[in-house]
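Chains as they are written, first to last, in this note's numbering: chain A, 242 to 343; chain B, -6 to 168.
Have a look at this one:
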């Protein structure tokens, strides 16, 4: 049990430091123009990676499973400009339905 | 308890699953910190928008998670700190409360996959991504980031593919 608390403590502390680093060292000052160009593309790059790995990844394996129905449903809901909650619920419902049927 | 001290879901899941599989403490810590390393570049992107005294910047930085960061994005590298802090606080309360409910009532729910809850995460990130990729360059970078992450997934520990995908924004700038 003590090893669990060790992990909780060390990871908690490490995460606080990682999160604080940028705003503490650079906070309130505008970035140089070159850096701004890079930073504005950071969100799409990381979010694209998160979508891909959450939809297709399973640990170190890549799998095609019922989550893809959910992602398709989310895509359709977004196309119709549905609110975010509807998009997420539609994805879960489509995946659950596909699992129940298949 | 971990929800209160490490406000970042994927790192918690990773550490818990490694320990649950009988993994070593060092492996669990390394995986969790690798997953959270993405908050270093995210913190840099937010830095110009978080001002005020050091203690306030420090506290605001702790409210950054993928969701609060993405929802505060105003496009073209601009961020709204008020939305970041508001969403972050709301998410933090919901996250800790939800974890407590899960710890007490988790058995009653059964397998979350039956409810399709694992598909909620990619859908959420897709919804956060959609408003950011109306122009060609960010769309290209998002696709490239996804491709890099998938290509590395089989060969690297969890977390590394996400961090490596941030290289996509360097390639996007050159293009």
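C-beta: ideal position from N, C-alpha, C; glycine also.
In terms of DSSP beta bridges, what is residue i paired with?
{"i": "residue 364(A)", "result": "The structure shown does not extend to residue 364(A), since chain A is modelled only from 242 to 343, so the question has no answer here."}
{"i": "residue 303(A)", "result": "298(A)"}
Could you give the C-beta distance for residue i and residue j, rounded to a whole number, given that I count them as a contact under 8 Å?
{"i": "residue 288(A)", "j": "residue 63(B)", "result": "6 Å"}
{"i": "residue 285(A)", "j": "residue 126(B)", "result": "6 Å"}
{"i": "residue 213(B)", "j": "residue 292(A)", "result": "Residue 213(B) lies beyond the stretch modelled for chain B, which goes from -6 to 168, so this question has no answer here."}
{"i": "residue 166(B)", "j": "residue 141(B)", "result": "Not quite, the Cβ-Cβ distance comes to about 15 Å (not below 8 Å), so this is no contact."}
{"i": "residue 255(A)", "j": "residue 82(B)", "result": "The Cβ separation is near 22 Å, so there is no contact."}
{"i": "residue 147(B)", "j": "residue 302(A)", "result": "7 Å"}
Would you kindly work out how many angstroms separate the C-alpha atoms of residue i and residue j, rounded to a whole number?
{"i": "residue 276(A)", "j": "residue 155(B)", "result": "20 Å"}
{"i": "residue 331(A)", "j": "residue 106(B)", "result": "14 Å"}
{"i": "residue 296(A)", "j": "residue 340(A)", "result": "15 Å"}
{"i": "residue 312(A)", "j": "residue 158(B)", "result": "20 Å"}
{"i": "residue 314(A)", "j": "residue 335(A)", "result": "7 Å"}
{"i": "residue 130(B)", "j": "residue 116(B)", "result": "22 Å"}
{"i": "residue 164(B)", "j": "residue 316(A)", "result": "26 Å"}
{"i": "residue 149(B)", "j": "residue 128(B)", "result": "31 Å"}
Can the beta-carbon of residue i be found closer than 8 Å to that of residue j?
{"i": "residue 245(A)", "j": "residue 22(B)", "result": "no"}
{"i": "residue 328(A)", "j": "residue 338(A)", "result": "no"}
{"i": "residue 72(B)", "j": "residue 65(B)", "result": "yes"}
{"i": "residue 153(B)", "j": "residue 267(A)", "result": "no"}
{"i": "residue 112(B)", "j": "residue 308(A)", "result": "yes"}
{"i": "residue 34(B)", "j": "residue 282(A)", "result": "no"}
{"i": "residue 333(A)", "j": "residue 121(B)", "result": "no"}
Exercise for the section: Residues of the region 274 to 294 of chain A with a CB closer than 9 Å to any CB of chain B: list them in chain order, please. Expected result: Along the region 274 to 294 of chain A, going in chain order, the ones with a CB nearer than 9 Å to a CB of chain B are 275, 276, 277, 278, 279, 280, 281, 282, 283, 284, 285, 286, 287, 288, 289, 290, 291, 292, 293 and 294.
Handout entry: Residues from the region 122 to 141 of chain B in contact with chain A, defined by Cβ distance under 8 Å
Key = Residues passing the 8 Å Cβ filter: 122, 123, 125, 126, 130, 131, 132, 134, 135, 136, 137, 138, 139, 140 and 141.
Practice task
Output, in sequence order along the chain, the residues in the region 319 to 333 of chain A whose CB is closer than 7 Å to any CB in chain B.
Solution key: Contact residues of the region 319 to 333 of chain A toward chain B are 319, 325, 328, 329, 332 and 333 (C-beta to C-beta distance below 7 Å).
Practice task
Using a Cβ-Cβ cut-off of less than 9 Å, give me the residues of the region 244 to 255 of chain A that come near chain B, in sequence order.
Solution key: Near chain B, meaning a CB-to-CB distance below 9 Å, the residues of the region 244 to 255 of chain A are 244, 245, 246, 247, 248, 249, 250, 251, 252, 253, 254 and 255.
Exercise for the section: Quick one: which residues of the region 297 to 315 of chain A get their C-beta closer than 8 Å to a C-beta of chain B? List them in chain order. Expected result: Those residues of the region 297 to 315 of chain A that come within reach of chain B (Cβ to Cβ, closer than 8 Å) are 297, 298, 300, 301, 302, 303, 307, 308, 310, 311, 312, 314 and 315.
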